[in-house]
Structure formats: structure tokens, C-alpha cells
Amino acid sequence: MKKLTKKQNKVARLIQKDMAVVKYPFDETGESCGLSGKEVLNITKEFLNKKIIRRFGAILRHQKAGYIKNVLVVWSVPPRDIEQTGNILSSYSFVSHCYERNPAFKEKYNLFTMIHFKDENILPLIRDMVAAIGIDDYLILESIKEYKKKSPEYFS
Numbered sequence: 004m005k006k007l008t009k010k011q012n013k014v015a016r017l018i019q020k021d022m023a024v025v026k027y028p029f030d031e032t033g034e035s036c037g038l039s040g041k042e043v044l045n046i047t048k049e050f051l052n053k054k055i056i057r058r059f060g061a062i063l064r065h066q067k068a069g070y071i072k073n074v075l076v077v078w079s080v081p082p083r084d085i086e087q088t089g090n091i092l093s094s095y096s097f098v099s100h101c102y103e104r105n106p107a108f109k110e111k112y113n114l115f116t117m118i119h120f121k122d123e124n125i126l127p128l129i130r131d132m133v134a135a136i137g138i139d140d141y142l143i144l145e146s147i148k149e150y151k152k153k154s155p156e157y158f159s
């Protein structure tokens with residue numbers, strides 16, 4: 004990969020942080036380092052087009068949006084079924100993350116889904132998922148307390 008210019012580095016540092024929720028966030032972001040909003044937006048688009056960044060989007064703080072709980076559900080899925088099962092589980096609107104991982108957890112749980120919900124009772128949602136994939140070997144890991152939640156910063 005080609006080295007980033009000084010301007011590109013500035014933008015990379017800026018867009019990895021929280022942006023103001025205002026009508027023209029790129030203008031405000033650019034002003035903080037002497038760039039125009041148009042420059043920030045164009046460089047961000049360039050990063051996307053060149054695949055320097057994969058995506059650009061907002062991260063919703065689920066508690067502020069009325070989602071009171073989240074759980075990580077870990078599934079033991081036969082390797083031959085992992086892709087199909089992952090596609091089915093990730094199609095649920097309440098699943099925010101769905102990852103295949105090496106089965107390190109108890110040496111068998113290889114598919115991880117993060118579920119955010121507004122209601123106290125998550126079991127009907129999980130029963131629905133079990134019926135859809137035909138796998139009933141899973142664990143529900145409920146989040147009790149959040150100690151840290153921060154987007155990674157690659158440019159400092």
C-alpha cells in the first residue's frame with residue numbers, strides 16, 4: 004500500500020473518532036484541523052474506493068436507543084454447516100454481529116452471534132433461531148456490565 008499523504012493522515016485520524024451529530028458533520032470535522040468539509044468527504048470517499056477503509060458508518064449506542072440488554076450466543080456448528088448457518092443467523096434483524104471463530108471456547112463453540120433486544124425475554128428469539136438452524140447446542144452469555152466500548156484507533 005502506498006504511504007498516505009499528510010492530509011490523508013489527518014483525515015484518517017479524524018474519521019476514526021466520534022463525529023458531531025450536526026447537519027454538516029464533515030464541515031465541523033474539517034474545521035478542527037484546517038480542512039474543508041468537502042476535502043474530508045472527498046478523502047473519505049477515496050479511502051472507500053481504494054479499499055483503505057471497508058466502510059464508514061455510525062455506531063449506535065444501543066442503550067440510548069432503548070435496547071436494554073445484549074447477549075452473546077455461542078453455537079456449536081458442524082464445520083460443513085457453518086456457512087449456511089452463519090447466513091441464516093445473520094439474517095435476523097436483532098443480530099448485530101455473527102462471526103465464525105476457531106472452536107477455542109470449550110473446544111466446540113465456533114459461531115458467535117451478538118443479540119440486542121428491548122424486551123426482558125430473549126428466549127423466544129433464541130428458540131426461533133434454534134428452529135431455523137436445527138442446532139440446539141448453544142450457550143447464552145449475558146452482558147452484565149460494560150467496562151469499555153470504544154472503536155479501535157489505527158492512526159494516532
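This note's numbering numbers the first residue of the sequence shown as 4 and each following residue consecutively. Note that the Cβ used here is the ideal one computed from N, Cα and C, for glycine as well. These numbers come from a predicted model, not from an experiment.
Assigned exposure category for residue i - 16 Cβ within 10 Å defines buried
i	result
residue 126	exposed
residue 13	buried
residue 101	buried
Cα-Cα separation, residue i to residue j
i	j	result
residue 121	residue 96	13 Å
residue 90	residue 81	14 Å
residue 143	residue 86	21 Å
residue 78	residue 145	14 Å
residue 92	residue 9	42 Å
residue 27	residue 15	18 Å
residue 135	residue 59	32 Å
residue 147	residue 6	42 Å
residue 116	residue 83	18 Å
residue 45	residue 111	45 Å
residue 57	residue 114	22 Å
Strand pairing of residue i, partner residues [DSSP]
i	result
residue 141	78
residue 108	112
residue 117	75, 100
C-beta contact flag for residue i and residue j at 9 Å
i	j	result
residue 128	residue 118	yes
residue 25	residue 31	yes
TODO: Give a yes or no on contact between the region 73-81 and the region 49-63, applying the rule of three or more CB pairs nearer than 8 Å.
DONE: Between the region 73-81 and the region 49-63, the count of C-beta pairs closer than 8 Å stays below three; the two stretches do not touch.
Task: Meets three-Cβ-pair contact criterion under 8 Å: the region 99-110 and the region 25-45 - done: Touching, no, given that fewer than three Cβ pairs across the two stretches are closer than 8 Å.
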